[in-house]
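Just so you know, the numbering used here puts 322 at position 312 of the sequence shown, and the rest follows in order with no gaps. A virtual CB, placed ideally from N, CA and C, is assigned to each residue, including glycine. All figures in this text were calculated on a predicted structure; none of them were measured in a lab. Input: a single structure, listed below in structure tokens.
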Amino acid sequence: MKCILCKSEQIQVLLIVSIYIIFSTLWIYTSDRLLFVNIDPQLRESLSFYKGEAFVLLSAALLYLLIIRYSKRLKEASFAGEERFRLIADSMPSFVWTAKPDGTVDYVNKIFKEFTGLETYYDSSCIHPEDRAATETIWREAMQTGNQYQIEHRFRRHDGIYRWYLCRAVPVRDPAGNIIRWYGTSTDIDDLKSAKERIGRILDSTSDGFIAIDREWRVTYFNRKAEELSGLKAEQLIGQTYWEIAPQMPGSRIENAYRSAMEENRSVHFEEYYQCYGKLLDVYVHPYVDGIAVFFHDMSDRERAAEALRSRTAELESLLRHAPIGFAFFDNQHRYLRVNKALCQINGISEEQILGKTIGEVLPVNARIVDPILDQVFDSGEAVETEISGETPKEPGIIRHWLTGFYPVFASTEKPVAVGTYVVEITERKRAEEAMARLAAIVQGAEDAVFSEDLNGIVQTWNQGAEKLYGYSSDEIIGKHISLVVPPELAGELEEMTRKMKQGIQDHFETMRLTKQGKRIFVFLSMSPIRNAVGRIVGVSKIVRDISERKRAEEDLKETVKTLELTNRELQQFAYVASHDLQEPLRNVTRYMDLFSRKYKDHIDERANTYIQFAMEGANRIHALVNDLLAYSELGVAAREFKPVSMLAIAEEAMDNLRQLIEETHAVIVLDAMPEVHGNKGQLVQLLQNLLCNAVKFGKSDVVPQIRIFAERLADAWCFSVSDNGVGIEPLYFDKIFVIFQRLHARSEHPGTGIGLAICRKIVELHGGRIWVESRLDEGSTFYFTIPARGGPDEDRGNIACGRQ
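Spelled out as structure tokens, the structure:
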């Protein structure tokens, strides 16, 4: 790692050296003067020794200062280089990884994690079983020899699908030549392998021999027809140098033609007798990026050769037409000579609409970029690859992005006769990059405070929301300890947060923080660990929201609720005590009126007896009203002793309590299957008893009451219903009937206190449900109420008891 001192540091070093030179000169001059003074010889010898010692110590001190300064700069440069490497690696579309000298992988980039679903490379389990042995063998050989590591193998994606990757790694050595690290990449070549296989099948099916030779003159492909014409086998030739296969060719016309095509980057056509094959061949040699392609056929039958040529042309045409990426060829006037199907689909127009037209006529927006590139390739004869953004007739007004390559096509001339181009759409990748940039902008502009710290609590990032909340700008706080915004009494909380952060624990809680102005604010804080590429925790991210206003509102609400609870308890106690205190006077009134009636019945007239009867009825109504009020008030003060109870048993007990009324009215009650619920047995009995009593009392005259109790399971509750064929209720009064003391009928028609349904509603609410009614006048009513189920949708089905009539 090269470490360059900045200008200020260079000045510091020069200043230290200058001071050292001046001080050394003065010391030597002064000490020498002193040594020549007329002093004792033994003292002069001692001074001379200490002068040398002091000079050595001063030199050592200067050297130590320079070493410390240079080492610090070197460490900082090394750390910055590692961070830049990982940032670049995470943005690359291929796998990027590093390994220790012993072969242990210690870093993988983000694309590897997203592809495999693994946090790091633990072992070869993510490699195809058929490729593991070769992978491990070649990796061990590379580590033993220190040579470059290269292999093609299949990686398993997180969904179980395997794709081919080309894996390469090179060692990095220290000055002594020892390997200190391996740097590797793995590039997705699955599509390329598939394309090569398809091309291989096409080439193997052609009637021409085909040989591909790379720039090192190694044979990379040898098709079946070439095997047939030469009598050689491809597996024996692939990887060998071509001149080893045909040792008689060096210096021949064949070699000159091959080298001309390779070195001059031009196509060559010739006919020659190949002694090694024993045949006269018609040969076409075409250069391409990686070497030359040799097509040849036997000239013994010209007609057959012509047919083979036509067949080869058709096959190559088919390959071009059906390739998955766009291809086009342009003449020197930038007119389209050829286009394939994929390019037509990209542009959304047909081949007939493109051929013969210039790119400016077909894609006027894109022509401003493409025309200069075409001119450059025609003039220089060199290929160009670039990214292009523009519109297509298929989607006008929508900007799309393509990776585009332009390469020259040569004939027998030195200048290109055409330019070929390939087009690969990368719009989605560009959009993903833009989405990441937008996300970063959203975080920066968020209203909440969003920032990060390292393991030591030093602030690393600080968004605008944090500046607004705490009052510190990013320049003021980044590099400082987070304790600046933590009240001193919460130092223990900060230590606990650091402990959780190092353990990788996510947490959120309410706490208090300090602003730059010293103001204390309530905040809601969420924290999450930040991990590096190998999964090690390197810091924490925090999101903080100001909840001071909410906390003040909560405190006000708590005070209000406390006051209401106190008032409610007082009212309930008053109703309870008042109800009890009224019982005794009422009993006295009823008892003495009864005694008076029996003792003086024969001594008073009929009107007096009527008055006495009215008084006793009024006392009884007040007694009933007091009892209902007492029951209503006890609902609020009684303990909620909830436990599993059978609603079938509840319904049967309620009907038993109303047996006399049911028998007098000859009411028919149908009880369906009932579940088991969690509730207060006494309250649920009273609930059903009140609903059944109302269903019987509010029946039509001369009509036998028909009542049905039904239960239905909802998503998270049981819904019960009590239906009757009574007088019904107008919709106007659906809510009114559940209010205490509200009556819809005169007491002479239907006796009651007007509290029964209010008690029902309170019981249902205490059980966490709700109650309502559906009714039509003269058509009966159905009262519904819900009680929460104890578990999931199927938990209570096994506890349903059969009903009865």
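- In this structure, E686 lies near S656, with their beta-carbon atoms less than 8 Å apart.
- Remark: C-beta atoms of G736 and A705 approach each other more closely than 8 Å.
- Beta bridge pairing from DSSP links T396 with T414.
- Here Y432 carries a strand assignment [DSSP, helix/strand/coil].
- Non-local beta-carbon contacts of V299 in its own chain, meaning distances under 8 Å to residues more than five positions away in sequence, involve A393, Y417 in chain order.
- By a beta-carbon distance limit of 8 Å, L465 contacts K512. Their separation comes to about 7 Å.
- Remark: C-beta atoms of V460 and I488 do not approach each other more closely than 8 Å.
- Taking 8 Å as the cut-off, the beta carbon of L767 is found no closer than this to the beta carbon of I797.
- Counting every other CB atom within 10 Å of its CB across the protein chains shown gives K552 a total of 16 or more, marking it as buried.
- Taking all protein chains shown into account, R771 has 16 or more neighbouring C-beta atoms within 10 Å of its C-beta and is therefore buried.
- Ranking R208, L128, V714, G187 by CA distance to the CA of E674 puts V714 first.
- When the five nearest sequence neighbours on each side are left out, the beta carbons in the same chain lying within less than 7 Å of the beta carbon of A421 are those of S277, V427, in order along the chain.
- Listed as beta-bridge partners of W728 by DSSP are R723, I797.
- Cα atoms of D112 and I190: separation of roughly 9 Å, rounded to the nearest angstrom.
- Here T414 is buried, its C-beta having at least 16 other C-beta atoms within 10 Å.
- Distance from the CA atom of T573 to the CA atom of S483, rounded to whole angstroms, is 44 Å.
- By the neighbour-count criterion, in which a residue is buried when 16 or more other Cβ atoms sit within 10 angstroms of its Cβ, V680 is exposed.
- Spatial neighbours of R541 in its own chain (CB-CB distance under 6 Å, excluding positions within 5 residues in sequence) are listed in chain order as I547.
- M537 is bridged by DSSP to D517, K552.
- Taking all protein chains shown into account, Q693 has 16 or more neighbouring C-beta atoms within 10 Å of its C-beta and is therefore buried.
- DSSP lists no beta-bridge partner residue for I487.
- Under DSSP, K572 takes part in no beta bridge, so it has no partner.
- Check the Cα spacing between D341 and each of K561, G430, Q716: the tightest is with G430.
- Relative to the Cα of F306, the nearest Cα in the group E789, E281, K404, E140 belongs to E281.
- Close CB contacts of E789 within its chain, under the 7 Å cut and outside five residues either way in sequence, are with G738 (chain order).
- Looking at the backbone, the Cα of L353 and that of P382 are separated by about 20 Å.
- Annotation for R780: V774, F795, T796 place their beta carbon closer than 8 Å to its own, counting only its chain and skipping 5 residues before and after.
- Partner residues in the beta bridge of W192, as assigned by DSSP, are A109, P181.
- Of all C-beta pairs linking the stretch 147-162 to the stretch 215-233, fewer than three are shorter than 8 Å, placing the two stretches out of contact.
- A Cβ-Cβ separation of about 16 Å leaves R164 out of contact with D133 under the 8 Å criterion.
- Your pair F337 and V419 does not check out as a contact, with CB atoms roughly 12 Å apart and the cut at 8 Å.
- Among the bridge pairs identified by DSSP, R617 is matched with none.
- By the neighbour-count definition (other C-beta atoms within 10 Å, threshold 16), Y175 is a buried residue.
- For the pair A109 and G194, the CB atoms are nearer than the 8 Å cut-off.
- Counted as a single uninterrupted DSSP element, the alpha helix (DSSP H) harbouring I379 occupies residues 374-390.
- With distances taken between CA atoms, G219 lies nearest to V304 out of V304, K529, G358.
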